[in-house]
Amino acid sequence: MTYRTIFLSLVIGVMSCHTQASDVARQVSPGGLDYTLIKMPGNSRVSVQIAWPTNWAFNKDNNQAVPHVGARLLLAGGATDYSPNDVIERFEDMGSEAYLAPTAEYIFGTIHFSPTHQDETLDIVNAHLKQPALEQRWLERIRGQFSAQMSEAGMAPGATGFNASRWAIFGEQPLREALSMDDIKSIDAVTQDEAQSWVDSVLTRHEPIIVIAGDVGVHTANEIVDTIFENVRDGEAVETVSVDADFSPKRIVMHTPDAQTSTVSFIGKLPPYQEGFEFEDHLLTTALGNGPQSVLAEAVREDLRASYAYQAGMNAYTIDNRILILTGQVDTDKLAEAETVIRNAYDEFLKTGPAEELTQLQAPFREHLTKLENDTGSMAYNALLRQLYDQKLTSEFSVLDTLDAVTEQTLEQRLALSFPKTDELIVIVSSPDENALKDACVITEARQAVDC
Numbered sequence: 003m004t005y006r007t008i009f010l011s012l013v014i015g016v017m018s019c020h021t022q023a024s025d026v027a028r029q030v031s032p033g034g035l036d037y038t039l040i041k042m043p044g045n046s047r048v049s050v051q052i053a054w055p056t057n058w059a060f061n062k063d064n065n066q067a068v069p070h071v072g073a074r075l076l077l078a079g080g081a082t083d084y085s086p087n088d089v090i091e092r093f094e095d096m097g098s099e100a101y102l103a104p105t106a107e108y109i110f111g112t113i114h115f116s117p118t119h120q121d122e123t124l125d126i127v128n129a130h131l132k133q134p135a136l137e138q139r140w141l142e143r144i145r146g147q148f149s150a151q152m153s154e155a156g157m158a159p160g161a162t163g164f165n166a167s168r169w170a171i172f173g174e175q176p177l178r179e180a181l182s183m184d185d186i187k188s189i190d191a192v193t194q195d196e197a198q199s200w201v202d203s204v205l206t207r208h209e210p211i212i213v214i215a216g217d218v219g220v221h222t223a224n225e226i227v228d229t230i231f232e233n234v235r236d237g238e239a240v241e242t243v244s245v246d247a248d249f250s251p252k253r254i255v256m257h258t259p260d261a262q263t264s265t266v267s268f269i270g271k272l273p274p275y276q277e278g279f280e281f282e283d284h285l286l287t288t289a290l291g292n293g294p295q296s297v298l299a300e301a302v303r304e305d306l307r308a309s310y311a312y313q314a315g316m317n318a319y320t321i322d323n324r325i326l327i328l329t330g331q332v333d334t335d336k337l338a339e340a341e342t343v344i345r346n347a348y349d350e351f352l353k354t355g356p357a358e359e360l361t362q363l364q365a366p367f368r369e370h371l372t373k374l375e376n377d378t379g380s381m382a383y384n385a386l387l388r389q390l391y392d393q394k395l396t397s398e399f400s401v402l403d404t405l406d407a408v409t410e411q412t413l414e415q416r417l418a419l420s421f422p423k424t425d426e427l428i429v430i431v432s433s434p435d436e437n438a439l440k441d442a443c444v445i446t447e448a449r450q451a452v453d454c
């Protein structure tokens with residue numbers, strides 16, 4: 003999984019739960035591992051969220067496909083004393099779940115189980131962390147599946163344009179390759195030795211961020227942590243690597259002669275997650291381009307007389323490099339007009355803000371949070387993210403309180419001070435018409451965007 007998808011999942015995780023936890027506290031297990039325990043009395047499920055720091059994506063000597071293939075291989079390929087098929091059947095029978103999701107800076111692990119099946123679930127998890135089989139036949143199967151998935155993703159409308167945008171922003175840095183996964187040969191080249199090297203260097207006991215949520219006490223939580231990490235390799239500190247990102251405004255046409263449609267996208271930099279204000283960002287983005295009554299949808303419908311699904315969203319390459327995205331398909335013969343209409347609509351939105359009342363914008367979020375207020379996975383995930391983002395985690399915290407903290411003033415200030423200005427946006431067009439935009443940099447390969 004790349005940052006394009008994992009951080010969308012992270013943002014959804016931030017929004018996905020409200021619970022007044024009876025007790026939230028930092029603990030240290032007898033095995034010496036720090037963790038956060040969220041007690042949720044009466045809940046029938048226990049969730050464990052883990053984030054392992056990594057800098058694999060910043061090393062030019064690493065095959066950037068390894069974390070994606072390796073994570074899938076570790077989960078599917080069995081371990082000492084556990085055959086792959088047996089594990090799948092037992093987890094289904096127990097109702098247990100386990101996932102790994104790689105990003106550039108962290109590998110995220112998720113475990114769900116009922117207290118009844120705690121011991122067996124965690125013994126299986128520990129075996130996979132400690133001594134995964136990483137069998138060749140499973141490696142070949144997973145390489146083929148992931149290769150096919152990324153090939154299909156590369157054929158999606160606008161995919162080549164977004165690939166070009168990452169070249170424009172990050173250039174030759176290995177992070178760009180880790181984000182795009184556009185080199186299918188690198189996927190097919192992943193070896194068992196590389197997968198084992200990745201496991202040994204990343205999935206260790208060295209300072210993972212761990213959160214447990216459920217109806218468990220400290221004694222049980224200690225057992226959970228120490229069982230998961232029993233005899234797992236110690237590991238070493240992960241060196242932080244800085245990223246050079248160029249968000250200077252550009253207008254690029256990615257000429258795709260065989261494409262049936264054209265896609266026009268605008269990309270601008272948002273502040274890092276550490277600043278907070280996630281709900282201001284979500285409310286503003288929703289009003290801007292999420293749904294038929296949004297600003298961008300109305301502008302396209304009224305000014306272009308078209309029914310395009312033009313949308314606004316947020317994404318993140320790294321925790322420090324978040325982006326606002328305006329994107330959608332348009333008729334090729336209306337590309338130039340579409341660029342003007344969308345620019346004007348966004349510019350006006352920056353000046354006037356949402357047309358809806360704040361309570362109207364908050365309502366669907368409030369409903370969603372209330373429905374999921376007892377979800378252990380969401381609570382654990384929210385607490386994990388707050389620690390990653392260096393945000394305060396109190397003894398009793400509530401995501402709904404964060405939503406309630408949004409005011410007309412904070413919304414207005416966030417829009418004015420933190421959203422990119424219209425003339426700061428990068429414009430990326432994928433089109434069969436190489437003359438789609440006047441005075442744009444025209445390229446035929448994504449890597450050429452570096453020189454635009």
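Residue numbers (the working numbering): 3 to 454. Using N, Cα and C, we set each Cβ at its ideal position, and we do this for glycine too. The model shown is predicted, which means the values in this text are computed figures rather than measured ones.
Per-residue burial, residue i [other beta carbons within 10 Å of its own, 16 or more giving buried]
{"i": "E447", "result": "exposed"}
{"i": "A23", "result": "The predicted position of A23 is uncertain, since its pLDDT is 49 and thus under 50; a value taken from the coordinates is nonetheless stated next. When all chains shown are included, A23 counts as buried."}
{"i": "P134", "result": "buried"}
{"i": "D349", "result": "exposed"}
{"i": "D377", "result": "buried"}
{"i": "E107", "result": "buried"}
{"i": "K271", "result": "buried"}
{"i": "N437", "result": "exposed"}
{"i": "D276", "result": "Rather than Asp, the amino acid found at residue 276 in this sequence is Gln. It counts as exposed."}
{"i": "N87", "result": "exposed"}
{"i": "N346", "result": "exposed"}
{"i": "Q362", "result": "exposed"}
{"i": "Q120", "result": "buried"}
{"i": "A442", "result": "buried"}
{"i": "V16", "result": "Reliability fails at V16, whose pLDDT of 37 lies under 50, so the model's placement of it is uncertain and the value that follows must be treated cautiously. Buried, since its Cβ has 16 or more Cβ neighbours within 10 Å."}
{"i": "E359", "result": "exposed"}
{"i": "V204", "result": "buried"}
{"i": "Q364", "result": "buried"}
{"i": "E179", "result": "buried"}
{"i": "K373", "result": "exposed"}
{"i": "P356", "result": "buried"}
{"i": "K353", "result": "exposed"}
{"i": "K440", "result": "exposed"}
{"i": "A73", "result": "buried"}
{"i": "G34", "result": "exposed"}
{"i": "C19", "result": "At C19, the pLDDT of 37 sits below 50, so the modelled position is not reliable and the matter cannot be decided from this model."}
Beta-ladder partner(s) of residue i, from DSSP
{"i": "P2", "result": "This structure cannot settle anything about residue 2, because the visible part of the chain is limited to 3 through 454."}
{"i": "D36", "result": "V30"}
{"i": "A53", "result": "F110, I211"}
{"i": "F115", "result": "V48"}
{"i": "V68", "result": "According to DSSP, which records beta bridges pairwise, V68 is partnered with nothing at all."}
{"i": "S433", "result": "H257"}
{"i": "C454", "result": "Answer is none; C454 lacks a bridge partner."}
{"i": "D25", "result": "K41"}
{"i": "M316", "result": "L326"}
{"i": "E99", "result": "H114"}
{"i": "P104", "result": "I109"}
{"i": "Q198", "result": "DSSP output for Q198 lists no bridge partner at all."}
{"i": "Y84", "result": "A81"}
Inter-residue CB distance, residue i and residue j (contact presumed, cutoff 8 Å)
{"i": "V468", "j": "F367", "result": "Residue 468 lies beyond the stretch modelled for the chain, which goes from 3 to 454, so this question has no answer here."}
{"i": "T258", "j": "T162", "result": "6 Å"}
{"i": "A451", "j": "A166", "result": "4 Å"}
{"i": "N317", "j": "A247", "result": "Their Cβ separation, rounded to whole angstroms, is 13 Å, which puts N317 and A247 out of contact at 8 Å."}
{"i": "I465", "j": "S267", "result": "Given a span of 3 to 454 for the chain in the structure shown, any question on residue 465 remains unanswerable."}
{"i": "R145", "j": "V30", "result": "Incorrect: roughly 40 Å between the Cβ atoms, too far for contact."}
{"i": "D435", "j": "T329", "result": "About 18 Å separates the two Cβ atoms, so there is no contact after all."}
{"i": "S433", "j": "L337", "result": "6 Å"}
{"i": "N65", "j": "A191", "result": "6 Å"}
{"i": "V68", "j": "K132", "result": "No, V68 and K132 are not in contact; Cβ-Cβ is about 19 Å, not under 8 Å."}
{"i": "L77", "j": "W140", "result": "That belief does not hold up - the Cβ atoms of L77 and W140 are roughly 10 Å apart, past 8 Å."}
Any non-hydrogen atom of the ligand NAD closer than 7 Å to residue i Cβ
{"i": "E436", "result": "You won't find the ligand NAD in this model; it holds no ligand whatsoever."}
Three or more beta-carbon pairs under 8 Å between the region 105-115 and the region 41-52, yes or no? Remark: three or more beta-carbon pairs, one from each stretch, lie closer than 8 Å, so the region 105-115 and the region 41-52 are flagged as touching.
Any chance you could list the alpha helix (DSSP H) runs of at least 4 consecutive residues sitting entirely within the region 208-279, in chain order? You should have 220-230.
Would you call the region 419-434 in contact with the region 268-284, where contact means no fewer than 3 C-beta pairs closer than 8 Å? Yes, since at least three Cβ pairs between the region 419-434 and the region 268-284 fall closer than 8 Å, the two stretches touch.
Quick check for students: name the residue ranges of the alpha helix (DSSP H) that lie wholly in the region 152-178, counting only runs of 4 or more. When DSSP assignments are scanned along the region 152-178, the uninterrupted stretches of alpha helix (DSSP H) that are 4 or more residues long and fall wholly within it turn out to be 161-172.
So, do the region 186-198 and the region 215-223 have three or more beta carbon pairs nearer to each other than 8 Å? Taking one beta carbon from each stretch, the region 186-198 and the region 215-223 have fewer than 3 pairs nearer than 8 Å; the two do not touch.
Within the chosen definition, does the region 283-303 reach the region 231-246 through at least 3 CB pairs nearer than 8 Å? At 8 Å Cβ cutoff, the stretches do not touch.
Would you check if the region 338-355 and the region 428-447 touch, i.e. whether three or more CB-CB distances between them fall below 8 Å? With a cut-off of 8 Å on Cβ pairs, the region 428-447 is in contact with the region 338-355, counting three or more such pairs.
Three or more C-beta pairs closer than 8 Å, one from the region 373-392 and one from the region 293-312: is that the case here? With a cut-off of 8 Å, the region 293-312 and the region 373-392 do not count as touching, because too few Cβ pairs lie within range.
4-residue-minimum alpha helix (DSSP H) runs that sit fully inside the region 380-441, ordered along the chain: Runs of the alpha helix (DSSP H) lying entirely within the region 380-441, each at least 4 residues long, are 401-406, 410-420 in chain order.
Does the region 157-176 come into contact with the region 249-256, if we say contact requires no fewer than three beta-carbon pairs (one atom in each stretch) closer than 8 Å? Yes, they touch.
Can at least three beta-carbon pairs, one atom from the region 90-100 and one from the region 121-129, be found at a separation below 8 Å? Verdict: yes, contact present.
With a threshold of 8 Å, are at least 3 pairs of Cβ atoms found where one atom belongs to the region 219-238 and the other to the region 396-410? Contact between the region 219-238 and the region 396-410 is not established, with fewer than three Cβ pairs separated by less than 8 Å.
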